[in-house]
Each structure stands twice: as C-alpha cells, then as structure tokens.
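Number of protein chains: 2
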Amino acid sequence: MDNELVVIGYVRSSIKDRASAPKMEDEPGAVRARIEIEPAYADGLDTMRPGAKLDLLTWFHQSSRDALKVHPRGKEHLPLRGVFTTRSPNRPNPIGLHQVTVVEVQPPATLIVEPLEAIDGTPVIDIKPRKRPDRE
Amino acid sequence: MDNELVVIGYVRSSIKDRASAPKMEDEPGAVRARIEIEPAYADGLDTMRPGAKLDLLTWFHQSSRDALKVHPRGKEHLPLRGVFTTRSPNRPNPIGLHQVTVVEVQPPATLIVEPLEAIDGTPVIDIKPRKRPDRE
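Quick mapping for you: the protein sequence lines, in order, are chains A and B. For what it's worth, numbering that gives the first Met the number 0 labels the leading residue of the first sequence as 0, then goes sequentially. For what it's worth, numbering that gives the first Met the number 0 labels the leading residue of the second sequence as 0, then goes sequentially.
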C-alpha cells in the first residue's frame, strides 16, 4: 500500500498553540481561518464556492500516535476509553475531521472557512463536500 | 512531518470489486460489513458499543492519486470539477469517509457495521464517534 500522505495545504489561524485551542469546532474559541492550498493542488479547488459545507481533514502533527486509551477530553477523572470511541487528537493516525463552511474563495488557492479550532500551521490532507445532513 | 499512515484494520465485505460497489453508503448496494481491527490496535476499541454512530475512515487503495479534476460520479457528460468539490475516491490522499452504525462488537476486535460501500480488503485508517447531528 502506498500509504504516505501528501500535504495539500496548511491552516493559517489566529490560534497559535494547542493550549489555546478549543476541543471542537463548535465550541467557544473556534475561529474564522485560512486554508492555503499548495500551488500543485490548486486545480482541485475548481468550482469551489462560498457557502459550501465541507468535511476538512487535517493532520494533527503535534499529536502522540502511541495512545490507544485516553481520558475523554483530557480529563483525568474520567475513565480511560479506547481512542476509537473518542475524538482525541492523540491516535494512531492523527487525522482531524472538521465541519466547516466556506466564507470566501480567494484566488489562486485560498479558502476562508469557519468555524475551525485547528492551530496555525496544521497540515491539510483532504477536503470533501458534505453531501447531506447527518443521519443521527 | 511523520506522514506515513498505519493500517489499523481491514474491511471484510461481500462487495468484492469497485465495479459492483455503490458510490455512496446510503445508496442501494451498501451492505452490512465487518471491520477487523489488527491485534496491535484492539485496545482502541475499548468501550465501543452497538448502536454507536461512527465516522469510519478508509484508504481507497485502488484509487488514482493524480487526478485534480474529475467528472462527478464518473459521468463524462458532466463538466469537470475540482476533486475537492467532489467525493471521488480518486484524489491526492484517497481517504474514504463513511457514516456507519455499529450493529455488533465481536471480541476481540471486530465490528459489524452498516451501511458500507467500501470493497473487501479496504484498509481502515481511523474510527471516530460522530458527536452530533450535522449542521447542514
């Protein structure tokens, strides 16, 4: 398997470190942020429009990849759980999955999105349109 | 950046090839399937329960990674679009994002889930709980 990720772009955000980032994008502290797509991948944004609802996939490059059990939300009084039952950034493949809306498309290859809790410099690995409401 | 994915498990499904797979998991042809997690990652399933709604992330190992523009749903009469405005499996990082429900947890490390359109043998790279309804 060709299992090496390519970085298609980076998050540019006013959130500069993990300590000041909220846990989830719908919590206080998530911000409007820039997604700067690398020139080599700019064509992949063709027909992107403001208002688009996206699944934004990032790579939590500062996370530990060794944890298989974690305390939910980092709270040590909560019992340990398997990492696949949590959204902890510490996981074997530290992929972040964020639901964001495109506010603006800036040529040649920048998206302004909100709300996003990922820190400045977080690598972006994929962008997909959300195709329908979640069937919760 | 340490950007090499690890395979945490595999999809085991009655869908054996891409030609017979539906495009999306909510279309006819998606099935109940097994997710066999590798022994090294089994602890990550601790506290997983039937009924859990998951974001299942896979790696479309048979996809092309070179396409930046595609015909939506492979229909050549539809105009080309940037791949990041589609959910085509052909994309720079061919990550599949599937919304599934856990039907059964089989020790030591197998999940029965539905509905899933990924083919038999597809690598699994992450499992996350969906935390709330989509804000469409």
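Note that CB positions come from ideal geometry on N, CA and C, so glycine has one too.
By the 10 Å Cβ neighbour count, where 16 or more other Cβ atoms means buried, how is residue i classified, buried or exposed?
i, result
"B:L77", "exposed"
"B:P107", "exposed"
"A:A20", "buried"
"A:R80", "buried"
"B:N72", "One detail in the question is off: residue 72 of chain B reads as Arg in this sequence, not Asn. Exposed."
"B:R17", "exposed"
"B:P27", "exposed"
Are the beta-carbon atoms of residue i and residue j separated by less than 8 angstroms?
i, j, result
"B:A32", "B:V10", "yes"
"A:L44", "A:H97", "no"
"A:G95", "A:F59", "yes"
"B:L53", "B:I124", "no"
"A:P64", "A:P93", "Pro is not the amino acid found at residue 64 of chain A; the sequence shown has Arg there. Result yes, Cβ atoms of A:R64 and A:P93 sit closer than 8 angstroms."
"A:L166", "B:D1", "Residue 166 of chain A lies beyond the residue range present for chain A, which begins at 0 and ends at 135; the question has no answer from this structure."
Which same chain residues, not among the five before or five after residue i, have their C-beta less than 7 angstroms away from its C-beta?
i, result
"A:V102", "R31, P49, I111, V112 and E113"
"A:S12", "V30, A32, L115, A117, I118 and D119"
"B:V69", "L79, R80, V82, T85, S87 and N89"
"B:K15", "I118 and D119"
"B:D133", "With a pLDDT of 48 at B:D133, under the threshold of 50, the modelled position of that residue is not reliable, and no figure is offered here."
"B:E135", "Unreliable placement is indicated for B:E135, whose pLDDT of 39 sits below 50; the coordinate value is still reported in the next sentence. Around B:E135: no qualifying Cβ."
Am I right that residue i and residue j are in contact with their C-beta atoms under 8 angstroms? What's the rounded C-beta distance?
i, j, result
"A:E24", "A:T109", "The Cβ separation is near 19 angstroms, so there is no contact."
"A:M47", "A:V5", "Not really, about 19 angstroms apart at Cβ, beyond 8 angstroms."
"A:E3", "B:E3", "5 angstroms"
Which residues does DSSP pair with residue i in a beta bridge?
i, result
"B:T57", "B:G95 and B:V123"
"B:G81", "B:K68"
"B:T46", "BP columns for B:T46 are empty, so no partner."
"B:I36", "B:G8"
"B:P21", "DSSP lists no partner for B:P21."
"B:E103", "B:I111"
"A:K52", "A:T100"
"A:A29", "A:P27"
"A:E3", "B:E3"
"B:P128", "B:L53"
Which residues in the same chain have their Cβ closer than 8 angstroms to the Cβ of residue i, if we skip the five residues on either side of it in sequence?
i, result
"B:P128", "A51, K52, L53 and D54"
"B:K130", "none"
Among the residues of its own chain, which have a CB less than 6 angstroms from the CB of residue i, if the five just before and after it don't count?
i, result
"B:P91", "R64"
"B:S62", "P88, N89 and P93"
"B:V99", "L53, L55, V112 and L115"
"A:T57", "G95, A117, T121 and V123"
Taking only beta carbons into account, state which residues of the stretch 83–112 of chain A come closer than 8 angstroms to chain C, listed in chain order.
Absent from the structure: chain C. Protein chains present are A and B.
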